[in-house]
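Residue numbering for the sequence shown follows UniProt numbering, starting at 1 and increasing by one per position.
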Amino acid sequence: MPLYVDLHHIHSDYFSEEDAFKAHMKDLNVQDQFGVTHKKYWINFDQKTMFCLVDGPNKEACNAAHQMAHLDQACNIIIEVSDNEFISFLGIGKKNENDMALTLSNEIDSGYRTIMLVRICNLSTEQNYTGMVYGLVEQYDGKVVPQPNDRIMVSFIHASNAIACVTEIRKRLKPISDNLDLTMALVTGKPVDDHSAVLFEEAKKKVETLCQLGHDGAIYIDSESKALSRQEPNLPETKDNYIKIVNSRDYALFESLLQIFDDRLKHPDFKSEHLGQELGLSKAQTYRKIKALTEMSPNELIREVRLRRSLNALKNNNKTVAEIAYDLGFNSPTYFTRVFRKRFGVLPTSFAKLSNFHSL
């Protein structure tokens, strides 16, 4: 039967493990009437959230069972998850005799995960670095979440492990940066949000946004991951200037920038002054905020995003260089070729051939 994960907000300030078990027993007492099985639950006492893993014939049966068990209180939200999704994000760990989720070290598992996204664009044929990254992921107890193309997504129970892993990846890869375009980000999130359709939807969206707009070689870490890591043993040193801690206000700016780029990047006359207007900021404010977050000026960021998107377009290999240049707002294929070569050290046509080589 399909698997489902639901979200419950805890309203009591005195909710305990015993209360969670009593609630779970109520679910077990009625589950057979609806053909569902409550398999496991996760609790985050700090955030007052609880998540349940249920298998059943459909969403409606899961909700109906919960309503009968808890006096017509429906789940806050429930989503269907595939076996692969569940294993990748929540499969690590175990449960106690009460079905409460535990980590491998027998701590209460909150269900929250720190998601790492590493985008490695290989600009040469010399070496494939994926194996090395996977080895580090295993060393730091991460779980790879399968992704397309040049992205590596990993789920970690402990934020400190995620920070140590991504820092070591950068340490290994940055010395060979002439052959790579490397962006990295970490975000901590919960399995199900109030508006989720898929598992860890909000966290995945955030980490993708940071990777799309982050500076080459920098590591972007959200403030939640940093705060959690301080509560854990073996906290790695993060004073290096290549680590950027992103708070909620910073992320809101990243999100606005990405939306503007999605809407306007194809227009060749789109410049930094238009970016400031869209953001509702003065020229000086636009420059200062973008420079602080990305180490690039607004015009440099616009060009960088265009060039990064051209990498994906060239990999797809279903358009000419000229078509890609015009689609991304470059005034001419000649100018696009010149700035592409200056940025990546290869011609667009050569990179397209390299991409075919790596896919063999």
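Here a beta-carbon is modelled for each residue, glycine too, at the ideal position from N, C-alpha and C. Note that the coordinates shown come from a computational prediction; the quantities given were computed from them, not determined experimentally.
Quick one, which of Arg-264, Lys-266, Ser-223 has its alpha-carbon nearest Ile-245's?
-> That would be Ser-223, whose Cα lies nearest to the Cα of Ile-245.
Could you tell me which residues DSSP puts in a beta bridge with Ala-101?
-> According to the DSSP secondary-structure assignment, Ala-101 is paired through a beta bridge with Lys-95.
Ser-155 - DSSP class collapsed to helix/strand/coil = The answer is strand: DSSP assigns Ser-155 an E or B state.
DSSP puts Gly-336 in a beta bridge; with which residues?
-> Rather than Gly, the amino acid found at residue 336 in this sequence is Phe. Bridge partners of Phe-336: none, in fact.
Can you give me the Cβ contacts of Leu-55 inside the same chain, cut-off strictly under 6 Å, excluding the 5 residues immediately before and after it?
-> The sequence shown places Asp at residue 55, not Leu. Cβ contact annotation for Asp-55 (same chain, cutoff 6 Å, sequence separation greater than five): Met-1, Leu-3, Thr-37, in chain order.
Alpha carbon to alpha carbon, what distance is there between Leu-307 and Pro-175?
-> The alpha-carbon atoms of Pro-175 and Leu-307 are separated by roughly 22 Å.
Just to confirm, are Ile-302 and Leu-314 a CB contact at a threshold of 8 Å?
-> Contact flag unset, no.
Based on Cα-Cα distance, which residue from His-24, Met-50, Phe-21 lies nearest to His-9?
-> Here the closest residue by C-alpha is Met-50.
Where does Tyr-4 fall in DSSP's three states?
-> The three-state secondary structure of Tyr-4, taken from DSSP, is strand.
Below 8 Å CB to CB, which residues in the same chain sit around Lys-342 once its five sequence neighbours on both sides are set aside?
-> Here the set comprises nothing.
Going by DSSP, which residues form a beta bridge with Arg-343?
-> Beta-bridge pairing links Arg-343 to no other residue.
Beta-carbon contacts of Cys-62 that lie in its chain and below 8 Å, excluding the five residues immediately before and after | Non-local beta-carbon contacts of Cys-62 in its own chain, meaning distances under 8 Å to residues more than five positions away in sequence, involve Tyr-4, Asp-6, Phe-34, Val-36, Val-54, Gly-56, Cys-75, Ile-78 in chain order.
Compute the Euclidean distance between the alpha carbons of Cys-211 and Tyr-14, then round it to the nearest angstrom.
-> Those two C-alpha atoms are separated by around 39 Å.
Going by alpha carbons, who is nearest to Val-145 out of Met-116, Thr-167, Ser-88, Ile-221?
-> For Val-145, the nearest C-alpha among the options comes from Ser-88.
Proximity to Asn-312 [Cα-Cα], best of Ala-292, Thr-349, Glu-295, Thr-286 = Comparing Cα positions, the closest option is Thr-349.
Locate the beta strand (DSSP E) running through Gly-217, then write down its first and last residues.
-> Where Gly-217 is concerned, there is no enclosing beta strand (DSSP E), given that its DSSP letter is neither H nor E.
For Val-192, which three-state DSSP category applies?
-> Coil at Val-192, not helix or strand.
Confirm, please, whether the CB-CB distance from Asp-327 to Leu-293 is below 8 Å.
-> No, Cβ-Cβ distance for Leu-293 and Asp-327 is not below 8 Å.
Out of Asp-216, Asp-193, His-215, which has the shortest C-alpha to C-alpha gap to Lys-205?
-> It is Asp-193.
May I ask you to verify whether the stretch 181-192 touches the stretch 98-118, counting CB pairs closer than 8 Å and requiring at least 3?
-> Cβ pair count under 8 Å is three or more, so yes.
In terms of residue numbering, what span does the beta strand (DSSP E) encompassing Leu-53 cover?
-> For Leu-53, the uninterrupted beta strand (DSSP E) segment begins and ends at 49-55.
In angstroms with no decimal places, state the Cα-to-Cα distance between Lys-95 and Leu-123.
-> Straight-line Cα distance between these residues: approximately 45 Å.
Taking all protein chains shown into account, decide if Arg-338 is buried (16 or more other Cβ within 10 angstroms of its Cβ) or exposed.
-> Exposed, since its Cβ has fewer than 16 Cβ neighbours within 10 Å.
How about Glu-17 and Met-100: are their beta carbons less than 8 Å apart?
-> Between Glu-17 and Met-100, the CB-CB gap stays under 8 Å.
So, helix, strand or coil for Ile-77, using DSSP?
-> Note: Ile-77 maps to strand in three-state DSSP.
Mind listing, in chain order, the continuous alpha helix (DSSP H) runs of no fewer than 4 residues lying wholly within the stretch 220-296?
-> Positions of the alpha helix (DSSP H) runs, each at least 4 residues long and wholly inside the stretch 220-296, are given as 223-230, 248-264, 272-279, 283-294 in order along the chain.
Using the rule of at least 16 other Cβ atoms within 10 Å of the residue's Cβ for burial, across every protein chain shown, is Phe-344 buried or exposed?
-> Phe-344 should be labelled buried.
Length of the line joining the Cα atoms of Leu-90 and Leu-182 = Approximately 27 Å between the Cα atoms of the pair.
Tyr-134 to Asn-149, Cα distance in whole Å?
-> Answer to the nearest angstrom: the Cα atoms are 15 Å apart.
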